[in-house]
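Visitor: Just dropping this structure here.
Quick look at the structure:
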């Protein structure tokens, strides 16, 4: 199959890469939107200077990520349409878009996802207005639950849509843990820059959340790898297996940087935050690479699941 995006015929590989880029960017936007709220409402100490301004910045970061996620979800729609119909140009997929949106599982899931994102955007927008401090506590729980549901729907856009329900729970746990861990990194970096006095407390609180996410990622990742890769041979001799290995290497890199933050920089975070900022920046880059690897995995046939 070929795809014509800009007037030139290209192979299917660019379509897969474009889908992966959109998928990874979407998941990154949702992750940052969710985790920024967690950092703002659950991890920031209330009594230190500069925390109020930092919390408002994080709320606006979440608020800005949500329309971006909606745009990316809409951009996903015609690309999936090209993949579903086998047409060669984006122009040729237009007659099928309505059918895809209203008569396919993907379309139904997309409509639910867009509705939840719009609801989350309204809730976060209300929370951003200082005049509504009286109802902020009620809005917090609703916004977090809605965004968590959006993250939990992510596996249904990949292998989760076609596998047994017993395999779906590890996938949803995996996605939610990744969203909370990786999505918190930009907020933590912003906190270290804008409110160094709060960095130590913030990171100490995050370490508990981070350890829980790491354990969940490790257990669910091993379960998924065993089920979807299927064999040691497939791990080293298939595209899917190589991507799983790449994800594992990136995961170990993130763990190493997290350990450096915890044991080397945490005690000096308030007075000398430079090293912490650097390692958090590197973690964000590795996290982006990990999301892209996960998005590429979602577009590959898993050898174990396919019976190869």
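In UniProt numbering, the protein residues as written are 1 to 308. Each residue gets a CB set at the ideal place from its N, CA and C atoms; glycine is no exception.
Using CA coordinates, which residue listed in 18, 35, 145 and 72 is at the minimum distance from residue 177?
Guide: Measuring from the Cα of residue 177, the nearest candidate turns out to be 35.
Visitor: Would you kindly work out how many angstroms separate the C-alpha atoms of residue 309 and residue 69, rounded to a whole number?
Guide: Because the chain here runs from 1 to 308, residue 309 falls outside it and cannot be looked at.
Visitor: Out of curiosity, what's the CA-to-CA distance linking residue 268 and residue 200?
Guide: Rounded to whole angstroms, residue 268 to residue 200 spans 8 angstroms at the Cα level.
Visitor: What do you get for residue 134, buried or exposed, if any count of 16 or more other CB atoms within 10 angstroms of its CB means buried?
Guide: The predicted model places residue 134 with a pLDDT of 48, which falls under 50 and marks its position as unreliable; any figure quoted below should be read in that light. When all chains shown are included, residue 134 counts as exposed.
Visitor: State buried or exposed for residue 154, treating a residue as buried only when at least 16 other CB atoms are found within 10 Å of its CB.
Guide: With at least 16 other beta carbons inside 10 angstroms of its own, residue 154 counts as buried.
Visitor: Going by CA-CA distance only, name the one from 104, 82, 105 and 233 that's closest to residue 94.
Guide: 82
Visitor: With a Cβ-Cβ cutoff of 8 angstroms, do residue 79 and residue 15 count as a contact?
Guide: Yes, these two residues count as a Cβ contact at 8 angstroms.
Visitor: Work out the CA separation of residue 284 and residue 37 for me, nearest whole Å.
Guide: C-alpha of residue 37 to C-alpha of residue 284: approximately 17 angstroms in a straight line.
Visitor: Can you list, in chain order, the residues of its chain with a C-beta nearer than 8 angstroms to that of residue 65? Leave out the 5 residues immediately preceding and following it.
Guide: 29, 30, 32, 33 and 36
Visitor: When burial is assigned at 16 or more other CB atoms within 10 Å of the CB, is residue 238 buried or exposed?
Guide: buried
Visitor: Residue 235 to residue 148, Cα distance in whole Å?
Guide: 31 angstroms
Visitor: Below 8 angstroms CB to CB, which residues in the same chain sit around residue 128 once its five sequence neighbours on both sides are set aside?
Guide: 56, 59, 60 and 63
Visitor: So, with DSSP's three-state summary, where would you put residue 267?
Guide: In the three-state reduction of the DSSP assignment, residue 267 falls in the helix class, which pools H, G and I.
Visitor: Would you say residue 19 faces chain D, with C-beta separation under 8 angstroms as the test?
Guide: In the structure shown, chain D does not exist; there is a single protein chain.
Visitor: Ignoring anything shorter than 4 residues, give me the alpha helix (DSSP H) runs that lie fully in the UniProt domain "Copper resistance protein D" (202–297), in order along the chain.
Guide: Taking only runs of at least 4 residues, the alpha helix (DSSP H) segments lying wholly in the UniProt domain "Copper resistance protein D" (202–297) are 232–237 and 239–260.
Visitor: I need the straight-line Cα distance from residue 168 to residue 271, nearest angstrom please.
Guide: 45 angstroms
Visitor: What does a CB cutoff of less than 8 angstroms around residue 247 pick up in its chain, not counting 5 residues either side in sequence?
Guide: 221, 290, 293, 294 and 297
Visitor: Does DSSP classify residue 95 as helix, strand or coil?
Guide: Here residue 95 sits in helix by DSSP.
Visitor: Counting along the chain, where does the alpha helix (DSSP H) carrying residue 299 start and finish?
Guide: Annotation for residue 299: no alpha helix (DSSP H) segment contains it, and DSSP assigns it neither H nor E.
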